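Asks: Just passing along the structure, written as structure tokens.
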Amino acid sequence: MNNRAGQFRQVSLLIALVALLCIPFADLSITQLSPQQELLELAKGAITPDFFATEFLIEAILTTVAFAFEGIGLAVITGFAMALLYQWRSVRMVAALLRSVHELFWALLFMQVLGLSSLTGVLALWLPYTGIFAKVFGEILEQVDPATTAALPRQAGFSHKISQLIYARLPQAWPHITSYTRYRLECAMRSSIVLGFVGLPTLGYHLETAFRQGNYSEAAALLYLFYLLIVTLPLWFKQRAFPLYVIGAMVYLPPVANINTTLFINFFTVDLIPGPMRQPDWSMMDLGNWLGMLWQQQIGPGLWDTLVLSQIALLLTAVLALIWFPLRTPALLPKGLTRVGNLFLVVGRSTPEFVLAFVGLLVFGPSMLPAILALGIHNGAIIGHLVGGYVQSLPLREDDQPNGFSKLALYLYQLLPRAYPQFISWLLYRWEIIQRETAILGILGISTLGFYIDSAFEELRFDRAMVLIAATALLNLVVDATARALRRRLNPQTT
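Under UniProt numbering, the first residue of the sequence shown is numbered 1, with each subsequent residue one higher.
Now the structure itself:
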């Protein structure tokens, strides 16, 4: 037990040490001349929301929801199909590649040939969520009790595997699959909003316009409507009707696009090919020089800033989660305060990091500070919410019941030590997600890999964009593998 506690302590110290070493290399400057005034204007807008300022508001809400349902609906089908073959290394690699590229990068890629079409939005959500579902569903199916499948009568060939799936594995896995699908639907709602920041007609498009024009009352109204959509999701979303929701979304917003065949073929056979390789007399030296230039000017600096930013954000996430999880813990706070605290955590985890970073840039100016705060607040609220729920399930002895100052002792010596292993597991899981989100924040002008990817698309240098996206995906895969190895070391029963 002491050895296991020591391992958790080592991982915690490693996370803190790496983040602290990164701080001197981070641009944390505040370049906004009057951040207090900007915060005052934002606060004024928050208390005076204008729900009638946005044109085509209903259409934007329906488009946001439709993108989420279509993307998740298709991803569930393809992800489940891949999960059935997840024991194959090639399937695991494809799933890892799909989920390692952020949906915004997929959107920027497809936008070049499909334009601002509904098909662009659906594909941008479908592909990464397919990779996510393949991994999670595959792990759920692997954890099914083998005794159930062994109890089935033996049959010859493929029919036996079908029987195992239908009568043994799927009934046990189904509650976990449906629960995870519902959670990912909420995530897809957030992703759908963010797609509006690159021009697709979701709530995010109107949100960005309102913020850029200083219409903070309109922006507040849009955010409140989105929070209402998320909070009421358990009321209007019925799991059994999920296929009907998906069909309805496709009827309302068919995933179609006007495709120029010549442009489409040229994009994938010419534009994405590295520049030197398009020359008739190209050599490996030319390609090496081109890649070396790209590494020196963009990949290297982008990777460094992405890593620096994400490691500081990871530490901030941990600190905020430990501070915030008591907000939904009745053993530590009165019932009224836990309701307010739970609402605060819902708002924090429901607001996309991209939106928080965008607001932070308006307040503090362009630097890493808004991105770090955005990632820390959003992910800290998510983990705080999870840990708070986990703590509520822990049984307390009668002598543990808090009174007065003993609540601090209960937090420090009872709840925190018992919840800490689960907290670290969730933190390591969110590490790869923080890494993915860090890269895309570059689209806002922060000097991560996303900044160089967005610049390459703007300059129509699609070959550079593809190499940069590949570098981002590789970095995410490395971080994911590292986090998974740490989780396995801390708890050998997990993968």
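All residues carry an ideal CB built from backbone N, CA and C; glycine is no exception.
Keep in mind it's a predicted model, so treat the numbers as computed, not measured.
1) Is the separation between the beta-carbon of Leu98 and that of Leu125 shorter than 8 angstroms?
2) What's the C-alpha gap between Val198 and Tyr205?
3) Does the stretch 415–433 come within contact of the stretch 279–290, defined as at least 3 CB pairs closer than 8 angstroms?
4) Just mark Trp324 as buried or exposed, buried being the case when its beta carbon has 16 or more other beta carbons within 10 Å.
5) Quick check on the DSSP output: the alpha helix (DSSP H) that includes Leu480 runs from which residue to which?
6) Check whether the stretch 177–184 touches the stretch 222–230, counting contact only when three or more Cβ pairs, one atom from each stretch, lie closer than 8 angstroms.
7) Would you tell me roughly how many angstroms separate the C-alpha atoms of Phe451 and Gly302, rounded to the nearest one?
8) Spatial neighbours of Leu369 within its chain, please: C-beta separation below 6 angstroms, excluding the five flanking residues on both sides.
9) From Met250 to Leu490, what distance separates their C-alpha atoms?
10) Which stretch, first to last residue, makes up the alpha helix (DSSP H) that contains Glu55?
11) Determine the extent of the alpha helix (DSSP H) in which Thr338 is found, giving its start and end residues.
12) Determine the closest residue to Ala257 out of Gly115, Leu84 and Asn3, with distance taken between C-alpha atoms.
13) If I follow the unbroken alpha helix (DSSP H) through Val101, where does it start and stop?
14) Report the three-state DSSP secondary structure of Thr495 (helix, strand or coil).
15) Output the distance between the C-alpha atoms of Phe242 and Gly384, rounded to the nearest integer angstrom.
16) Would you kindly work out how many angstroms separate the C-alpha atoms of Phe423 and Val387, rounded to a whole number?
17) Going by DSSP in three states, Gly365 sits in which element: helix, strand or coil?
18) Can you give me the start and stop residues for the alpha helix (DSSP H) that residue 505 sits inside?
19) Over what stretch of residues does the alpha helix (DSSP H) that includes Gln311 continue unbroken?
20) Is the distance from the Cβ of Ala134 to the Cβ of Met82 below 8 angstroms?
21) Can you look up Tyr86 in the DSSP assignment and give me helix, strand or coil?
22) In angstroms, rounded to a whole number, what distance separates the CA positions of Ile453 and Cys187?
23) Helix, strand or coil for Trp282 per DSSP?
24) Can you determine whether any heavy atom of the ligand MG sits closer than 7 angstroms to the C-beta of Phe268, and answer yes or no?
25) According to DSSP, simplified to helix, strand and coil, what is Asn258?
26) Which same chain residues, not among the five before or five after Arg436, have their C-beta less than 6 angstroms away from its C-beta?
27) Using the Cβ count rule (16 or more neighbours within 10 Å means buried), how would you classify Asp281?
28) Going by DSSP in three states, Phe211 sits in which element: helix, strand or coil?
29) Does the distance from the CB of Val122 to the CB of Gly71 come in under 8 angstroms?
30) Assess, as a yes-or-no matter, whether the stretch 41–54 is touched by the stretch 208–219 under the definition of 3 or more beta carbon pairs within less than 8 angstroms.
31) Please name the residue in Arg9, Ile440 and Leu39 whose C-alpha comes closest to that of Leu309.
32) Whose CA, out of Phe211, Leu40 and Pro255, lies closest to the CA of Leu361?
33) Within this structure, are the beta carbons of Leu316 and Ile372 separated by less than 8 angstroms?
34) How many angstroms separate the CA atom of Leu84 from the CA atom of Ile140?
35) Between Tyr183 and Phe69, is the Cβ-Cβ spacing less than 8 angstroms?
Replies: In this structure, then:
1) On the sequence shown, position 98 is the one that residue 98 refers to. On the sequence shown, position 125 is the one that residue 125 refers to. No, these two residues do not count as a Cβ contact at 8 angstroms.
2) Taking the sequence shown and counting its residues from 1, the one referred to as residue 198 is at position 198. Taking the sequence shown and counting its residues from 1, the one referred to as residue 205 is at position 205. About 8 angstroms.
3) no
4) The residue labelled residue 324 in the question sits at position 324 within the sequence shown. Looking at its Cβ environment, which holds 16 or more other Cβ atoms inside 10 Å, Trp324 is buried.
5) Here residue 480 refers to the residue found at position 480 when the sequence shown is read from its first residue. Inspection of the sequence shows that residue 480 is occupied by Asp rather than by Leu. In the DSSP assignment, Asp480 falls within the alpha helix (DSSP H) that extends over Phe462 to Leu490.
6) no
7) Here residue 451 refers to the residue found at position 451 when the sequence shown is read from its first residue. Here residue 302 refers to the residue found at position 302 when the sequence shown is read from its first residue. Those two C-alpha atoms are separated by around 8 angstroms.
8) Along the sequence shown, read from residue 1 onward, the residue named residue 369 stands at position 369. Leu28, listed in sequence order.
9) Working through the sequence shown from its first residue, we reach residue 250 at position 250. Working through the sequence shown from its first residue, we reach residue 490 at position 490. The alpha-carbon atoms of Met250 and Leu490 are separated by roughly 44 angstroms.
10) Walking along the sequence shown from the start, residue 55 turns up at place 55. No alpha helix (DSSP H) holds Glu55; DSSP gives it neither H nor E.
11) Taking the sequence shown and counting its residues from 1, one reaches residue 338 at position 338. First-last of the alpha helix (DSSP H) with Thr338: Lys335 to Ser350.
12) In the sequence shown, residue 257 corresponds to position 257, counting from 1. Nearest C-alpha to Ala257: Gly115.
13) Here residue 101 refers to the residue found at position 101 when the sequence shown is read from its first residue. Where Val101 is concerned, there is no enclosing alpha helix (DSSP H), given that its DSSP letter is neither H nor E.
14) As a position in the sequence shown, residue 495 is number 495, starting the count at 1. Unreliable placement is indicated for Thr495, whose pLDDT of 47 sits below 50; the coordinate value is still reported in the next sentence. Coil.
15) Within the sequence shown, the letter at position 242 stands for residue 242. Within the sequence shown, the letter at position 384 stands for residue 384. The alpha-carbon atoms of Phe242 and Gly384 are separated by roughly 29 angstroms.
16) Against the sequence shown, residue 423 aligns to sequence position 423. Against the sequence shown, residue 387 aligns to sequence position 387. Using only the alpha carbons, I get a separation of about 6 angstroms.
17) One-based indexing of the sequence shown puts residue 365 at position 365. It is coil, neither helix nor strand.
18) Since the displayed the chain opens at 1 and closes at 495, residue 505 lies outside it and no answer follows.
19) Mapped onto the sequence shown, residue 311 falls at position 311. In the DSSP annotation of this structure, the continuous segment of the alpha helix (DSSP H) that includes Gln311 starts and ends at Gly300 to Trp324.
20) Taking the sequence shown and counting its residues from 1, the one referred to as residue 134 is at position 134. Taking the sequence shown and counting its residues from 1, the one referred to as residue 82 is at position 82. Yes; because the gap between Cβ atoms is below 8 angstroms, this pair is in contact.
21) Residue 86 sits at position 86 when you count from the first residue of the sequence shown. Coil, per DSSP.
22) Indexing the sequence shown from 1 puts residue 453 at position 453. Indexing the sequence shown from 1 puts residue 187 at position 187. Cα to Cα, Ile453 sits roughly 24 angstroms from Cys187.
23) By one-based count along the sequence shown, residue 282 stands at place 282. Looking at Trp282 - three-state DSSP - the assignment turns out to be coil, as it is neither helix nor strand.
24) Within the structure as shown, the ligand MG is missing, as the structure has no ligands at all.
25) The count along the sequence shown starts at 1 and reaches residue 258 at position 258. Three-state DSSP puts Asn258 in coil, outside helix and strand.
26) By 1-based counting over the sequence shown, the position of residue 436 is 436. Closer than 6 angstroms at the Cβ level, and outside the excluded window around Arg436, lie His102 and Asn476.
27) Within the sequence shown, residue 281 is the residue found at index 281, counting from 1. Exposed: under 16 other Cβ atoms inside 10 Å.
28) Numbered from 1 along the sequence shown, position 211 holds the residue referred to as residue 211. If DSSP states are grouped into helix, strand and coil, Phe211 belongs with the helices.
29) Numbered from 1 along the sequence shown, position 122 holds the residue referred to as residue 122. Numbered from 1 along the sequence shown, position 71 holds the residue referred to as residue 71. In this structure, Val122 lies near Gly71, with their beta-carbon atoms less than 8 angstroms apart.
30) yes
31) Numbered from 1 along the sequence shown, position 309 holds the residue referred to as residue 309. The residue with the shortest Cα to Cα distance from Leu309 is Ile440.
32) As a first step, residue 361 must be located in the sequence shown, where it is residue number 361. Cα-wise, what sits closest to Leu361 is Phe211.
33) To locate residue 316, count along the sequence shown from 1; it is residue 316. To locate residue 372, count along the sequence shown from 1; it is residue 372. Going by beta carbons, Leu316 and Ile372 fall inside the 8 angstroms limit.
34) Here residue 84 refers to the residue found at position 84 of the sequence shown. Here residue 140 refers to the residue found at position 140 of the sequence shown. Each residue's alpha carbon lies about 11 angstroms from the other.
35) In the sequence shown, the residue the question calls residue 183 occupies position 183. In the sequence shown, the residue the question calls residue 69 occupies position 69. No, Cβ-Cβ distance for Tyr183 and Phe69 is not below 8 angstroms.
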